[in-house]
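Enquirer: Residue numbers (my numbering): 108 to 370. For every residue, glycine included, the Cβ atom is placed at its ideal position computed from N, Cα and C.
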């Protein structure tokens, strides 16, 4: 399938896929067509044997959120924002969170509105030092969506989450890292190669275990300790019967590097 609003690259040798949001003249803001292309690309990624995914943006920005030009502001016929969220943004966030392999956001510039929360929906966020994160919703009378009201309090605490959401102030990449909002800040020119190296490294790891780690960590935000202990037990039982567990133990005994297959 050919794409216009995104670029898709799948490296079969490293099992790494890269999706680049490709509307640089609009800071890679979302339209319905872009959502549809991104969904199709994720379908392709999931059936390609990919074991790690990098999500980034073309040009000087990562993603500016919703393209307001794709909405109708005609009095009496304004676009139902809830319908747009329900049809496009929420399924995308749920899908990214549920992918059975690691997802890395390489934030190369502004990540604003839903674009900021798109990055936070990935498992690890690498950001250029010049990048920034903006919960811009309040500037036009809206509430953070695409998981913003869930991601922010968990990562930076309620006081900082409310501050970011209520003021809509720009948060620098350095401060985002120091607050624990993202994983790592790098010099601008190093973000793309560092994301590629990390994805290649993670693609060689036991990705089935990584998927279980993601599941357990996220479940822990809403479950009791007793429920979490039971989940850990169940996941460990399942992983204990996997090829990768047997390979990891054998490699340890033989003092060699393991050859994980994600099964």
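Unbroken alpha helix (DSSP H) runs of length 4 or more, entirely within the segment 254-305: which are they?
Expert: Within the segment 254-305, the complete alpha helix (DSSP H) runs of at least 4 residues are 255-263, 265-274, 280-286.
Enquirer: Specify, as a first and last residue, the run of the alpha helix (DSSP H) that residue 147 falls within.
Expert: Walking along the chain shown from the start, residue 147 turns up at place 40. It spans 139-153 - the alpha helix (DSSP H) in which residue 147 sits, taken as one unbroken run.
Enquirer: Between which two residues does the alpha helix (DSSP H) containing residue 190 stretch?
Expert: Residue 190 sits at position 83 when you count from the first residue of the chain shown. Counting along the chain, the alpha helix (DSSP H) containing residue 190 begins and ends at 188-191.
Enquirer: May I have the straight-line CA-CA distance separating residue 217 from residue 166, to the nearest angstrom?
Expert: As a first step, residue 217 is located in the chain shown; it is residue number 110 there, counting from the start. As a first step, residue 166 is located in the chain shown; it is residue number 59 there, counting from the start. If I take the Cα positions, the gap works out to 10 angstroms.
Enquirer: How many Å lie between residue 297 and residue 181 at the Cα?
Expert: Walking along the chain shown from the start, residue 297 turns up at place 190. Walking along the chain shown from the start, residue 181 turns up at place 74. Computed Cα separation, rounded: 44 angstroms.
Enquirer: Does residue 132 come out as helix, strand or coil in the three-state DSSP assignment?
Expert: In the chain shown, the residue the question calls residue 132 occupies position 25. Residue 132 falls in the helix class under three-state DSSP.
Enquirer: Just verifying my parser: in three-state terms, what is the DSSP assignment at residue 166?
Expert: Here residue 166 refers to the residue found at position 59 of the chain shown. Looking at residue 166 - three-state DSSP - the assignment turns out to be coil, as it is neither helix nor strand.
Enquirer: Just grab the DSSP bridge partners of residue 233 for me.
Expert: Translated into positions along the chain shown, residue 233 becomes position 126. In the DSSP output, where bridge partners are listed per residue, residue 233 has 213, 291.
Enquirer: From the DSSP secondary-structure annotation, give me the bridge partner or partners of residue 114.
Expert: Taking the first residue of the chain shown as position 1, residue 114 is located at position 7. Partner(s): 127.
Enquirer: Three Cβ pairs or more, each shorter than 8 angstroms: is that satisfied between the segment 153-169 and the segment 113-131?
Expert: Touching, yes.
Enquirer: Determine the closest residue to residue 254 out of 192, 327, 278, 310, with distance taken between C-alpha atoms.
Expert: Taking the first residue of the chain shown as position 1, residue 254 is located at position 147. Nearest option by C-alpha distance: 192.
Enquirer: Can you give the Cα-Cα distance for residue 352 and residue 346, rounded to whole angstroms?
Expert: Counted from its first residue, the chain shown places residue 352 at position 245. Counted from its first residue, the chain shown places residue 346 at position 239. Straight-line Cα distance between these residues: approximately 7 angstroms.
Enquirer: Considering only the alpha carbon of each residue, which of 268, 204, 309 lies closest to residue 323?
Expert: As a first step, residue 323 must be located in the chain shown, where it is residue number 216. Comparing Cα-Cα distances from residue 323 to each of 268, 204, 309, the minimum goes to 204.
Enquirer: Nearest to residue 222 by CA position, among 315, 190, 164, 114, is which residue?
Expert: Here residue 222 corresponds to residue number 115 of the chain shown, with the count starting at 1. Checked all of 315, 190, 164, 114; the closest Cα to residue 222 is 164.
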